[in-house]
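The next block holds one structure in the form of structure tokens; read it before the comments.
Residue numbers (the numbering used here): -19 to 41.
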């Protein structure tokens, strides 16, 4: 069972990382970031813990 407090919707995830929603979709297709989908409506969700790791990688570059 997903704890939705641990996840962000695509809009919030993009804002958190400072990228566009399109960038997140591209990263998903390139398998650079894992996306989770809600069982009922298949909305994209991104795990906060994983986004924090991506943010660290972005800041190191």
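Cβ atoms here follow ideal geometry from the backbone N, Cα and C, with glycine treated the same way.
Remember, it's a predicted structure, so these values are computed and weren't measured experimentally.
Sequence-distant residues of the same chain with beta carbon closer than 6 Å to residue i, five excluded per side
i: residue -11; result: none
i: residue 16; result: 25
Alpha-carbon to alpha-carbon, residue j and residue i
i: residue 2; j: residue 34; result: 16 Å
i: residue 8; j: residue 14; result: 6 Å
i: residue -13; j: residue 40; result: 23 Å
i: residue -17; j: residue 28; result: 11 Å
i: residue 19; j: residue -15; result: 16 Å
i: residue -6; j: residue 4; result: 7 Å
Nearest candidate by alpha-carbon position, reference residue i, set the options
i: residue 37; options: 22, 18, -17 and -2; result: -2
field: Within the stretch -17 to 41, ranges of the beta strand (DSSP E) (whole runs, at least 3 residues)
entry: -13 to -11 and 24 to 27
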